[in-house]
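Chains as they are written, first to last, in this note's numbering: chain A, 112 to 342; chain B, 112 to 342.
Just so it is clear, CB atoms sit at the ideal spot from N, CA and C, and this is done for glycine as well.
See structure below.
There are 2 protein chains.
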Amino acid sequence: MAEAFHCGARVTDLFVTVPARSRHQDLVTTIAAAGIPVHVVSGEVMDELAQTVTPQGLLAVCGFVDVPLAEVGQPGLVALLANVRDPGNAGTLLRSADAAGAGAVVFADASVDPYNGKCVRASAGSLFHLPVVAGARLEDAVGALRQIGLRIVAADGRAGHSLDDPEVQARLTGPTAWMFGNEAWGLPPELLALADESVAVPIYGRAESLNLAAAAAVCLYASARAQRVRP
Amino acid sequence: MAEAFHCGARVTDLFVTVPARSRHQDLVTTIAAAGIPVHVVSGEVMDELAQTVTPQGLLAVCGFVDVPLAEVGQPGLVALLANVRDPGNAGTLLRSADAAGAGAVVFADASVDPYNGKCVRASAGSLFHLPVVAGARLEDAVGALRQIGLRIVAADGRAGHSLDDPEVQARLTGPTAWMFGNEAWGLPPELLALADESVAVPIYGRAESLNLAAAAAVCLYASARAQRVRP
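Dropping the structure here:
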């Protein structure tokens, strides 16, 4: 909540319960001072509004924050979600992309809506930290990102190249968009074909695969390290 | 399910619905041939037994698979859960530890029960792939792991040393147990004091922290790479 306000999201209304108003007095005062209407509501109304099991007693109505593809600037690292459907995975991925210093996250094709409540909560504020593109066509996104100089690398458990291969690591020093596929079926051949390279997070044990958000964190941090750390 | 059977877990009974019996005919035949009682049940009974929203129609009753601390062997990489409470996080962490080639996972202090249904499902079979220690005291676990030659490294977002620091990477080439704390409050000072070193996954963007399972995947893969890849 404070994230949204401090990060410049257009907060249009604040709903608050009496106990939450006491707990977050400074924030509520700041928001009211900014001319934003503050509505005190009962716990029952908050339960309905928040659509979550244990609401925090504070709920801000914000304007949408997503940007068009053309306005992502010149990022060195991008996460490109191709049909990521689970909101928890998508939100966690957005949070990891933010932590790894990504300059944008693109929700493409049939990916979940970044404004899905579970996705927003799992993002832990990151939805407001970096440019997010919603509802893009994957092919358009790949074209636009390539145009501004990014290599498109598909994360694919079946790829021949391993993320730990020193040559792969060397290629990750340049501007990179990581493409992540659906949690159940990954990236089908026609989407893999859009990428410049496919790379697998190596499986050293007996697991069949990694959880999507875990694999994405490993890939994004491999890029962050390759782009920053001189060997 | 097939994981449990093929990985040597003691399956004592199999419950199956009629449609699932047709879908998984080979598996059911193999299990019946092994002398394990197979019980055909209705969809309603399966719903009750499986305690999940969309049961797969097949449910095996297994013996516990966890082992005592003294029986983890000589692992080169261990994940040590200190008060990890969320079963989804714990199961995902177990899956990532398996993928990264860890030799054991220890659930210590007030960590969730590894047999929690959500944890088992999030582990995607990994519960049956590597030695799991349940209900250990953290101090005992640290002592036992140090005794067999592992360095104890605490994952702590506030630590002074970064995971991407080349000196930290060099130290990760040796046998290592990663200690992961609670998803909300991390590792308090008295638990950090048990470790040989504290290391932070660096935050390059504006996120306050990483999701626990995502951070754990990054740490465990940093160890896997350091132990295998010659620079």
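Bridge-paired residues (DSSP) for residue i
| i | result |
| --- | --- |
| A:T287 | A:L188 and A:R262 |
| B:V172 | B:D124 |
| A:E308 | A:V264 |
| A:H349 | As displayed, chain A neither begins before 112 nor continues past 342, which places residue 349 of chain A out of reach and without an answer. |
| A:A219 | A:A193 and A:A247 |
| A:G297 | A:N293 |
Residue i versus residue j: straight-line alpha-carbon distance, rounded
| i | j | result |
| --- | --- | --- |
| B:I314 | B:V127 | 47 Å |
| B:A215 | A:A211 | 28 Å |
| A:S273 | B:Q338 | 15 Å |
| B:A233 | A:R132 | 37 Å |
| A:G154 | A:L125 | 14 Å |
| A:A252 | A:V223 | 16 Å |
| A:L305 | B:V122 | 45 Å |
| A:V152 | A:V129 | 7 Å |
| A:G202 | B:F175 | 34 Å |
| A:T165 | B:L169 | 33 Å |
| A:V244 | A:G297 | 21 Å |
| B:A281 | A:L138 | 45 Å |
| B:Q167 | A:L192 | 28 Å |
| B:V179 | A:L303 | Checking the sequence, you will find Pro at residue 179 of chain B rather than Val. For B:P179 and A:L303, the distance between alpha carbons rounds to 45 Å. |
| A:G228 | B:A335 | 35 Å |
| B:A240 | A:A333 | Strictly speaking, residue 240 of chain B in this sequence is His, with Ala absent from that position. Whole-angstrom Cα-Cα distance: 26 Å. |
| B:D158 | B:V172 | 15 Å |
| B:A328 | B:N200 | 11 Å |
| A:G285 | A:V183 | 17 Å |
| A:L283 | A:L331 | 10 Å |
| A:R317 | B:P300 | 35 Å |
| B:M290 | A:V340 | 25 Å |
| A:L160 | A:V231 | 15 Å |
| A:V156 | A:T163 | 12 Å |
| B:G271 | B:N194 | 23 Å |
| A:L351 | B:S320 | The requested residue 351 of chain A is not part of the displayed model; chain A covers only 112 to 342. |
| A:L238 | A:R134 | 24 Å |
| A:G254 | A:D177 | 19 Å |
| B:I147 | B:Q136 | 15 Å |
Where residue i falls, given that 16 or more other Cβ within 10 Å makes a residue buried
| i | result |
| --- | --- |
| B:A295 | exposed |
| A:T355 | Past the boundaries of the shown model lies residue 355 of chain A; chain A is included only from 112 to 342, so the question cannot be answered. |
| A:V149 | exposed |
| B:F218 | buried |
| A:D197 | buried |
| A:G236 | buried |
| B:A213 | buried |
| B:G292 | buried |
| B:A181 | exposed |
| B:A221 | exposed |
| B:P225 | buried |
| A:P242 | buried |
| A:A143 | exposed |
| B:A145 | exposed |
Spell out a yes or no on whether the segment 312-326 of chain A and the segment 195-207 of chain A are touching, meaning 3 or more CB-CB pairs, one atom from each, closer than 8 Å.
Touching, per the Cβ criterion.
Does the segment 265-281 of chain A come into contact with the segment 240-248 of chain A, if we say contact requires no fewer than three beta-carbon pairs (one atom in each stretch) closer than 8 Å?
A contact between stretches requires three or more CB pairs, one per stretch, nearer than 8 Å, and the segment 265-281 of chain A fails this requirement with the segment 240-248 of chain A.
Is there contact here, the segment 302-314 of chain A with the segment 254-270 of chain A, by at least three beta-carbon pairs under 8 Å?
The way I'd put it, the segment 302-314 of chain A does touch the segment 254-270 of chain A; three or more beta-carbon pairs between them come closer than 8 Å.
Along the chain, which unbroken stretches of the beta strand (DSSP E) at least 3 residues long are found entirely within the segment 232-282 of chain A?
243-247 and 262-266, all fully within the segment 232-282 of chain A.
Tell me whether the segment 252-261 of chain B and the segment 187-194 of chain B touch, counting them as touching only if at least three CB pairs, one residue from each stretch, are closer than 8 Å.
Cβ pair count under 8 Å is three or more, so yes.
In chain order, which continuous runs of the alpha helix (DSSP H) of length 4 or greater are located wholly inside the segment 191-216 of chain B?
Runs found: 198-210.
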